[in-house]
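*Asks:* I am attaching a structure below and will ask some questions about it afterwards.
There are 2 protein chains.
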Amino acid sequence: MNQYMSLKDHVYNYISQKINEGSLTPNEKINEQLICEELNISRTPVREALIQLATEGYLENIPRKGFRVRPIDENKAIEFYMIIGVLEGLAAYNAVDYITSKEISYMKELLISMDKAIDIELYDDYYKIQTVFHNTFVNICNNEELIRLINQLKRSFIRQTYINKESDNLYEILKVTNSEHKEIIKLFELKDKEKLRSYIRDVHWNTQNAKFDSI
Amino acid sequence: MNQYMSLKDHVYNYISQKINEGSLTPNEKINEQLICEELNISRTPVREALIQLATEGYLENIPRKGFRVRPIDENKAIEFYMIIGVLEGLAAYNAVDYITSKEISYMKELLISMDKAIDIELYDDYYKIQTVFHNTFVNICNNEELIRLINQLKRSFIRQTYINKESDNLYEILKVTNSEHKEIIKLFELKDKEKLRSYIRDVHWNTQNAKFDSI
Chain A
1 MNQYMSLKDH
11 VYNYISQKIN
21 EGSLTPNEKI
31 NEQLICEELN
41 ISRTPVREAL
51 IQLATEGYLE
61 NIPRKGFRVR
71 PIDENKAIEF
81 YMIIGVLEGL
91 AAYNAVDYIT
101 SKEISYMKEL
111 LISMDKAIDI
121 ELYDDYYKIQ
131 TVFHNTFVNI
141 CNNEELIRLI
151 NQLKRSFIRQ
161 TYINKESDNL
171 YEILKVTNSE
181 HKEIIKLFEL
191 KDKEKLRSYI
201 RDVHWNTQNA
211 KFDSI
Chain B
1 MNQYMSLKDH
11 VYNYISQKIN
21 EGSLTPNEKI
31 NEQLICEELN
41 ISRTPVREAL
51 IQLATEGYLE
61 NIPRKGFRVR
71 PIDENKAIEF
81 YMIIGVLEGL
91 AAYNAVDYIT
101 SKEISYMKEL
111 LISMDKAIDI
121 ELYDDYYKIQ
131 TVFHNTFVNI
141 CNNEELIRLI
151 NQLKRSFIRQ
161 TYINKESDNL
171 YEILKVTNSE
181 HKEIIKLFEL
191 KDKEKLRSYI
201 RDVHWNTQNA
211 KFDSI
């Protein structure tokens, strides 16, 4: 355990990781006692981590019933897509003023790596690289609250489960998604703030794709 | 105390109200022991409420130092304005498809009430009515997550303190703001989704006004 990390943060990471990797499933009740035993800690930091996870949207807190993993149905996924679309659109819009040629070159490298990962069906690698790709421009938007909010929403919503989905057309879907990443780079190079904002909002986070992230 | 409200929620309301009304001030340390005594409750629900308030952005949790009221400087206020601008713009964009003539009439009544409140310098009343005005269209955007997020951001950020500010030009500022409310109603009547979205984002939540909400 990281010695600078609070017990609450340790429990937070422990539970959120279980949710993200799918070993805690939608609607599953959180067994507080079991977590206390597994981590050999008292109830207080566990309760604190559960409150934070519920506030962020990972869990539902049902009065007198305790905490459950919040399911993300297709309708809920559409709601998140719309929100992340406008927020990431804003981040990109602002990032145009700060992005350097070095960062654009880095995004181009990531684009090639993502393409290779899709080709050899290493979807787990693709997922990790696309996270880095998006973070590259989000992190330079010069708005700390926006960065924090985008990360929080993505954490509570996107649960890596699609990687494990046996989808016939996952290859095709990711190829299209990666062609969109290429367009995003192009719009950064053109410094076309307006088009970049609407492209990310209306095309890249098109709610048509939300069904792939509902679980 | 509401018998259906958890102790944690009770503490949450108690502290957030103190922050909003200004009796807990920016950078002030939260005295956990004092709250336990004032509400005659144990430390656990107080800790839980503090974690939620920190997750939502009301408080800062400084390791080994405890919780403090987060100050909102002008730069931070600008960050919030940009975020709320795009989110409320999205809400209004979507609400155009659902708004009824009854709701538009209601917004027109609120507009008149706000104008009267400004004229007789009842800025506290103005503040309450403008909240109802914005909620009228936000609540019909058909996106629960968006409604939840907008409310959370506004709660943690806008702290009614401007009402108490001795500002020479508060009258003029609010007159302009209310003329913007009039324009918002007009764009709803015209069902001009695109213009409504950009008007709310770029004019009504213009970051030039953020200085009035920094504390």
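Read top to bottom, the protein sequences are chains A and B.
Read in full-length UniProt numbering, the first sequence has 34 at position 34, and its numbers run on one by one without any break.
Read in full-length UniProt numbering, the second sequence has 37 at position 37, and its numbers run on one by one without any break.
In this text, a Cβ means the ideal position worked out from N, Cα and C, and glycines have one as well.
#1: Check whether the segment 63-73 of chain A touches the segment 131-150 of chain A, counting contact only when three or more Cβ pairs, one atom from each stretch, lie closer than 8 Å.
#2: Any Cβ of chain B within less than 8 Å of the Cβ of methionine 82 of chain A?
#3: What residue does the beta strand (DSSP E) around isoleucine 62 of chain A start on, and which one ends it?
#4: Over the uninterrupted alpha helix (DSSP H) stretch that includes phenylalanine 133 of chain B, give me the two end residues.
#5: What residue range is occupied by the uninterrupted beta strand (DSSP E) comprising valine 69 of chain A?
#6: What number of angstroms, rounded off, separates the C-alpha of glutamate 32 of chain A from the C-alpha of histidine 204 of chain B?
#7: With 8 Å set as the bound, which would you pick, yes or no: does the beta-carbon of leucine 24 of chain A sit closer than that to a beta-carbon of chain B?
#8: Using 8 Å as the threshold, is the C-beta distance between serine 16 of chain B and tyrosine 58 of chain B below it?
#9: In angstroms with no decimal places, state the Cα-to-Cα distance between tyrosine 199 of chain B and leucine 24 of chain A.
#10: Starting from arginine 47 of chain B, find everything on chain A with Cβ-Cβ shorter than 7 Å and list it in chain order.
#11: Considering only residues of the same chain and omitting the five flanking positions on each side of methionine 107 of chain A, which have a CB-CB separation below 7 Å?
#12: Helix or strand or just coil, what does DSSP make of lysine 154 of chain A?
#13: What is the DSSP secondary structure of lysine 191 of chain B, counted as helix, strand or coil?
#14: State the beta-bridge partners of lysine 29 of chain A as determined by DSSP.
#15: Check the Cβ-Cβ distances between serine 6 of chain A and every residue of chain B, and say whether any is below 8 Å.
#16: Between asparagine 135 of chain A and chain B, is the shortest Cβ-Cβ distance under 8 Å, so that the two count as touching?
#17: May I ask which residues mark the beginning and end of the alpha helix (DSSP H) holding alanine 92 of chain B?
#18: Leaving out five residues on either side along the sequence, give the residues of the same chain with a beta carbon under 6 Å from the beta carbon of leucine 90 of chain A.
#19: Using the three-state DSSP reduction, which class does methionine 114 of chain B fall into: helix, strand or coil?
#20: Measure the C-alpha to C-alpha separation of tyrosine 14 of chain B and phenylalanine 157 of chain A and round it to an integer number of angstroms.
#21: Using 8 Å as the limit for Cβ to Cβ distance, is methionine 1 of chain B near chain A?
#22: Since histidine 10 of chain A is in the alpha helix (DSSP H), which residue starts that stretch and which ends it?
#23: Residues in the same chain with beta-carbon distance under 7 Å from glutamine 130 of chain A, minus the five sequence neighbours each way, listed in chain order, please.
#24: Helix, strand or coil for isoleucine 184 of chain A per DSSP?
#25: Please return the same chain residues whose Cβ sits closer than 8 Å to the Cβ of alanine 210 of chain A, not counting the five positions on each side in sequence.
#26: Spatial neighbours of valine 86 of chain B within its chain, please: CB distance less than 7 Å, with the 5 preceding and 5 following residues excluded, ordered by chain position.
#27: Identify which residue in A:Ala95, A:Tyr12, A:Leu187, A:Asp119 has its Cα closest to the Cα of asparagine 143 of chain A.
#28: Taking all protein chains shown into account, decide if threonine 100 of chain A is buried (16 or more other Cβ within 10 angstroms of its Cβ) or exposed.
#29: May I ask which residues mark the beginning and end of the alpha helix (DSSP H) holding alanine 49 of chain A?
#30: Anything in chain B within Cβ reach of glutamine 52 of chain A, meaning under 7 Å, just list it in chain order.
#31: Is there a Cβ from chain B that is less than 8 Å from the Cβ of asparagine 139 of chain A?
*Replies:* Straight from the coordinates:
#1: no
#2: yes
#3: Note, isoleucine 62 of chain A: beta strand (DSSP E), 59-62.
#4: 123-138
#5: It spans 66-69 - the beta strand (DSSP E) in which valine 69 of chain A sits, taken as one unbroken run.
#6: Glutamate 32 of chain A and histidine 204 of chain B: Cα-Cα distance of roughly 46 Å.
#7: no
#8: Result yes, Cβ atoms of serine 16 of chain B and tyrosine 58 of chain B sit closer than 8 Å.
#9: 43 Å
#10: Here the neighbours are Thr44, Glu48.
#11: Phe133, Thr136, Ile185
#12: helix
#13: coil
#14: A:Arg68
#15: yes
#16: no
#17: That run of the alpha helix (DSSP H) goes 74-95.
#18: Contacts found: none.
#19: Residue state, collapsed to three classes: helix.
#20: 30 Å
#21: With a pLDDT of 48 at methionine 1 of chain B, under the threshold of 50, the modelled position of this residue cannot be trusted, and the question is left open.
#22: 7-21
#23: Closer than 7 Å at Cβ, skipping near neighbours: Met114.
#24: helix
#25: Same-chain partners within the cutoff: Glu74, Ala77, Ile78, Phe80, Tyr81.
#26: Cβ within range, chain order: Arg201.
#27: A:Ala95
#28: exposed
#29: 43-56
#30: Ile51, Thr55
#31: no
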